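Trainee:
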Amino acid sequence: MTYAKLILEIPKGAVGSFSQVFPLSGNRIRLGRSPDCPIRFDSQSYGGVSRYHATLQRVTTHPHHLPSWQLCDEGSANGTFVNGKPIRGCVTLAPGDQIMLSQDGPILTYTLENYALENSSPQSETESAQADSPQTATAPQPLPPRPLPPAPVNVTQGNPSLSQLIPVVSSRRNLKSFLSKGYILPGVILILWVVGLFFSGGNLGFFIESLGIFLGAIAYSFIYRLCGKRKPWWEITAAIILTMLLLLIPWFIGPFLFFFRGILPGNIDGAGNNFFNLFIAHFLGLD
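This is the structure we're talking about:
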């Protein structure tokens, strides 16, 4: 019986130099640093390996009944390489292919070996030969594949990697999903603007103008997202300029002031000090 396996070669001269063999069983095997990966790598030894770096998937068997496996990159941050070439998506592995997780990561060799011949004794080989003869009614069943050994657990103390501190950057897929939600750019702008307001010091004019621009940008950004339709930059810029020009037009500023200072209880001279007027004035910010 032929089965597939991965061989992890530890570099010569390293502490505890040896080879680890991972027989491939089942239909899907994940490789990475996450504890739930069947083939797991220590983050201290292999910092370039993502939490979910790559996946091995069993595909349709070969016409000669040889197992066939595909290697799929899971959007890892540092890439997956087969025979030194980066892969995109999934590639079908051939015996002898070398898999490298990140450019300076672990190297695994994909091999196919005959399990029955490798683990059978001379007596079992004789019995197998007799089973193939015409006089034998039944043939012995091949030995089942060896179970996947437990992944090595290296408990080491040290500084955690960036992907451990910030899991969202552990793979390109997670990072793209985070950026597509539109949180990072508004957050950066908000932090920079708050810092700028603190640095305004006693310059009241700069403070008011900066705050006005910031609030206007937030309002336009919110309305733009509610619209759900992309607009050219010149259309957005024109809307901003026209909004500012409305405050400079005499026939517009008159009705504007009359409404907010006359009709609404915001007229300082004529407004009474009763509860209703004060409530409306404070609620609308007209006190």
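Numbers given in our numbering equal positions in the sequence shown, counted from 1, plus 14.
Backbone N, C-alpha and C fix where the C-beta goes; we use that ideal spot for every residue, glycine too.
All figures in this text were calculated on a predicted structure; none of them were measured in a lab.
Have a look at D87, G110, F221 and K245 and flag the residue whose alpha-carbon is nearest the alpha-carbon of P100.
Mentor: Minimum Cα distance to P100 is reached at D87.
Trainee: Looking at the secondary structure, which residues open and close the alpha helix (DSSP H) in which L256 lies?
Mentor: L256 -> alpha helix (DSSP H) spans W247 to L260.
Trainee: Count the other C-beta atoms from every protein chain shown that fall within 10 angstroms of the C-beta of V63, then say buried if there are 16 or more, exposed otherwise.
Mentor: Looking at its Cβ environment, which holds 16 or more other Cβ atoms inside 10 Å, V63 is buried.
Trainee: Expressed to the nearest angstrom, what Euclidean distance is found between the alpha-carbon atoms of Q71 and F36?
Mentor: So the alpha carbons of these two residues sit roughly 14 angstroms apart.
Trainee: Out of Q34, G93, S82 and I227, point me to the one whose CA is closest to G61's CA.
Mentor: Among Q34, G93, S82 and I227, the Cα nearest to that of G61 is on G93.
Trainee: Nearest by alpha-carbon distance to D304: which of S59, R102, P109 and Y124 is it?
Mentor: Here the chain comprises residues numbered 15 to 301, so residue 304 is not present and cannot be evaluated.
Trainee: Taking the alpha helix (DSSP H) that A231 belongs to, which residues open and close that run?
Mentor: Note, A231: alpha helix (DSSP H), L218 to C241.
Trainee: Do the CB positions of F221 and L211 come within less than 9 angstroms of each other?
Mentor: Cβ atoms of F221 and L211: closer than 9 angstroms.
Trainee: Look at the Cβ atom of S39, then the Cβ atom of Y66, and state whether they are nearer than 9 angstroms.
Mentor: Not in contact: S39 and Y66 (Cβ atoms no closer than 9 angstroms).
Trainee: Using 9 angstroms as the threshold, is the C-beta distance between A18 and G46 below it?
Mentor: No, Cβ-Cβ distance for A18 and G46 is not below 9 angstroms.
Trainee: Could you pull the start and end residues of the alpha helix (DSSP H) that V202 belongs to?
Mentor: Its alpha helix (DSSP H) spans residues I198 to F213.
Trainee: Label V96 either buried or exposed according to how many other C-beta atoms from any shown protein chain fall within 10 Å of its C-beta, with 16 as the threshold for buried.
Mentor: Answer is buried; the Cβ neighbour count reaches 16.
Trainee: Would you call P269 buried or exposed, if buried means 16 or more other Cβ atoms sit within 10 Å of its Cβ?
Mentor: By the 10 Å Cβ count, P269 comes out exposed.
Trainee: Could you compute how far the alpha carbon of T123 sits from the alpha carbon of K245?
Mentor: So the two alpha carbons sit approximately 51 angstroms from each other.
Trainee: Does I263 come out as helix, strand or coil in the three-state DSSP assignment?
Mentor: Coil.
Trainee: Tell me whether L107 sits in a helix, a strand or coil according to DSSP, three-state version.
Mentor: In the structure shown, L107 sits in coil (DSSP, three-state: anything other than H, G, I, E or B).
Trainee: To which residues of the same chain is Q84 closer than 6 angstroms at the C-beta, ignoring the five residues directly before and after it?
Mentor: Within the same chain, Q84 has close Cβ partners Q71, V73, C104 and T106.
Trainee: I'd like to check one pair, L20 with T125: are the Cβ atoms closer than 9 angstroms?
Mentor: Cβ atoms of T125 and L20: closer than 9 angstroms.
Trainee: Quick one, are the C-beta atoms of Y234 and A252 less than 9 angstroms apart?
Mentor: No, the Cβ-Cβ distance between Y234 and A252 is not below 9 angstroms.
Trainee: Drop a sphere of 10 angstroms on the beta-carbon of F55, count the other beta-carbons inside from all chains shown, and report buried for 16 or more, exposed for fewer.
Mentor: The residue in question, F55, is buried, as its Cβ has 16 or more Cβ neighbours within 10 Å.
Trainee: Tell me whether F274 sits in a helix, a strand or coil according to DSSP, three-state version.
Mentor: Helix at F274.
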